[in-house]
Amino acid sequence: WRVRIVTYNVAMKSGDKESAEGMMTAGDEELLIIGLQEVSHGEQYGGANPSWLNSLVKAVSDKTRYSLIGKTFQATNLLLIFVQRKHASKINRIVYRYAKNTLGGLTGHKGSIGAIITLCNRQSIVLTLSHFVHDATQLEARIMQYKGNKSCTFPEAKSVRASFWFGDLNFRIEGEQAEVKKKIDEGDLENLLSLDQLLKTRQQGRVFTEYDEAPIKFPPSYRFFMGSTDYDLKRTPSWCDRILYKGSVKCTNYSRLDTVLASDHLPVQGVYSIPFIDLPNTQDWRVTFNHVPTWYTSIPLSVRFRYGRIDYWKRKGGFTDWIGLFPARTPDMTNPIKWVFAMTCYSDSSSPPFAVAEFESIEAGEYRVGYHSVNYNTLIGLSAPFKVIDPAA
Numbered sequence: 382w383r384v385r386i387v388t389y390n391v392a393m394k395s396g397d398k399e400s401a402e403g404m405m406t407a408g409d410e411e412l413l414i415i416g417l418q419e420v421s422h423g424e425q426y427g428g429a430n431p432s433w434l435n436s437l438v439k440a441v442s443d444k445t446r447y448s449l450i451g452k453t454f455q456a457t458n459l460l461l462i463f464v465q466r467k468h469a470s471k472i473n474r475i476v477y478r479y480a481k482n483t484l485g486g487l488t489g490h491k492g493s494i495g496a497i498i499t500l501c502n503r504q505s506i507v508l509t510l511s512h513f514v515h516d517a518t519q520l521e522a523r524i525m526q527y528k529g530n531k532s533c534t535f536p537e538a539k540s541v542r543a544s545f546w547f548g549d550l551n552f553r554i555e556g557e558q559a560e561v562k563k564k565i566d567e568g569d570l571e572n573l574l575s576l577d578q579l580l581k582t583r584q585q586g587r588v589f590t591e592y593d594e595a596p597i598k599f600p601p602s603y604r605f606f607m608g609s610t611d612y613d614l615k616r617t618p619s620w621c622d623r624i625l626y627k628g629s630v631k632c633t634n635y636s637r638l639d640t641v642l643a644s645d646h647l648p649v650q651g652v653y654s655i656p657f658i659d660l661p662n663t664q665d666w667r668v669t670f671n672h673v674p675t676w677y678t679s680i681p682l683s684v685r686f687r688y689g690r691i692d693y694w695k696r697k698g699g700f701t702d703w704i705g706l707f708p709a710r711t712p713d714m715t716n717p718i719k720w721v722f723a724m725t726c727y728s729d730s731s732s733p734p735f736a737v738a739e740f741e742s743i744e745a746g747e748y749r750v751g752y753h754s755v756n757y758n759t760l761i762g763l764s765a766p767f768k769v770i771d772p773a774a
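Be aware that the sequence shown starts at 382, since it is given in this note's numbering, and climbs by one per residue.
In structure tokens form, the structure reads like this:
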């Protein structure tokens, strides 16, 4: 599979259409991972408008064949996991972990989010999104944060094919602002890289010793005047935003997105190829939905589904599993239009029986229904599209 990872510190600025679309550069990677830092507090609680989450989902809907299958916040950090819709059934499970460092661990403004994505062949990808302590003088604090956040890399996990650690890691260039700016203008990145704290501490064996980073061939990603690519020399320009990796990984692109100007950072992206063993071309869902015929807006919707050969409900079913209704080409599999708890469904009289989920009447349109497992943290069933029509139209 190919994976594209984007990391962006948005500096508490609101999400906007142009910036979101700029992060959705054309590509055919199977997975798209976006990690944001310094998202406004209001976004997590629904008070930010427009939000980065909604702007990115809208950009996905307009520009790509992806759907959002996983999302999680920690304070002002947001991790989004998108997959091409045709591969969604191959995602077996997503598990999250968190490490908090602000105020002695009381909050996670600085800290890490870990996610492990297990595919249907039981091989996994690990993602660790971090926002480390800022300021050039806080190198030792960053090193301590790295050591304390290793739990978010799932070190005990087996069959991990690739692991990525990315975010605003905040390692700085050690130099005077004017001198660093001069070297940038001269294109002298080689000498600047010799002053980079992350490269130096890696060479010393103090951090990220098991990880690689693709060669840096772009100028520093921080700090800019908002809305421009002109450096703000109140801070020394630095490569704060980084993506490191380990495992069976080949990097095919490592670059800065110079057209996304919402923040005092520029986003950094990496594109990676990961060979998987025995990953099937197609994969059946663990919960299968019976065919839903064309429905009428005047009739409450009823859908029938059945658990797979291994009875999921008896082994892994949860009281907060839900069945959700989505647009047929949904860009967001985490946010249904309507939903009901699986435990409210009943069995019909067929043999073996189907479970039946009922929804109130819905508007005309084209839809799907999906089954979300709380234990697997993702959809484990999705119906074929079906139409709802207005008989009076």
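Cβ coordinates follow ideal geometry from the N, Cα and C atoms, glycine included.
As the structure is a prediction and not an experimental result, all values here were calculated from the model.
Delimiting residues of the beta strand (DSSP E) encompassing residue i
i	result
residue 737	736-740
residue 401	Where residue 401 is concerned, there is no enclosing beta strand (DSSP E), although the alpha helix (DSSP H) it sits in stretches over 398-404.
residue 653	649-654
residue 572	Segment 570-574 is the alpha helix (DSSP H) holding residue 572; no beta strand (DSSP E) there.
residue 451	447-455
residue 669	668-670
Residues sharing a beta bridge with residue i, DSSP
i	result
residue 498	475 and 506
residue 721	704
residue 512	492 and 549
residue 636	650
residue 589	Its beta-bridge partners do not exist; DSSP assigns none.
residue 597	Partner(s): none; residue 597 has no beta bridge.
residue 387	415 and 650
residue 382	None, per the DSSP bridge assignment.
residue 534	Paired residue(s): none; residue 534 is not in a bridge.
residue 543	506 and 628
Contact under 8 Å by Cβ, residue i with residue j
i	j	result
residue 621	residue 653	no
residue 646	residue 392	yes
residue 523	residue 552	yes
residue 648	residue 388	yes
residue 512	residue 418	yes
residue 703	residue 720	yes
residue 675	residue 743	no
residue 669	residue 751	no
residue 480	residue 530	yes
residue 517	residue 617	yes
residue 682	residue 739	yes
residue 637	residue 589	no
residue 414	residue 384	yes
residue 550	residue 579	yes
residue 394	residue 723	no
residue 717	residue 748	no
residue 843	residue 382	Only positions 382 to 774 of the chain appear in this structure, which leaves residue 843 out of reach.
Residue nearest to residue i in terms of C-alpha spacing, selected from the options
i	options	result
residue 556	737, 550, 574 and 751	574
residue 706	753, 519, 436 and 656	753
residue 562	460, 738, 605 and 716	605
residue 664	472, 618 and 490	472
residue 544	499, 571 and 570	499
residue 493	698, 671, 442 and 508	508
residue 452	495, 532 and 749	495
residue 475	485, 456 and 460	460
residue 490	716, 454 and 595	454
residue 457	424, 765 and 487	424
residue 687	505, 672, 699 and 644	672
residue 733	759, 446 and 685	685
residue 615	421, 603 and 420	603
residue 768	716, 731, 710 and 760	710
residue 619	680, 487 and 560	560
residue 658	426, 504 and 609	504
residue 610	628, 565 and 443	565
residue 772	746, 760 and 764	746
residue 796	607, 470, 626 and 401	Because the chain spans 382 through 774 in this model, residue 796 falls outside it and cannot be assessed.
residue 445	422, 408 and 427	408
Same chain only: Cβ atoms within 6 Å of residue i, ignoring 5 sequence neighbours per side
i	result
residue 624	386, 547 and 651
residue 468	411
residue 713	438 and 449
residue 634	652
residue 729	735 and 737
residue 533	478, 480, 493, 495 and 509
residue 699	755 and 756
Beta-carbon proximity list for residue i, same chain, < 7 Å, skipping 5 on both sides
i	result
residue 640	403
residue 576	554, 555 and 556
Residue range of the alpha helix (DSSP H) that includes residue i
i	result
residue 561	558-566
residue 524	520-529
residue 696	693-697
residue 424	422-425
residue 768	That residue, residue 768, is in no alpha helix (DSSP H); its beta strand (DSSP E) goes 767-770.
Neighbourhood of residue i by C-beta, 8 Å cutoff - its chain only, sequence neighbours within 5 removed
i	result
residue 401	433, 436, 437, 439 and 440
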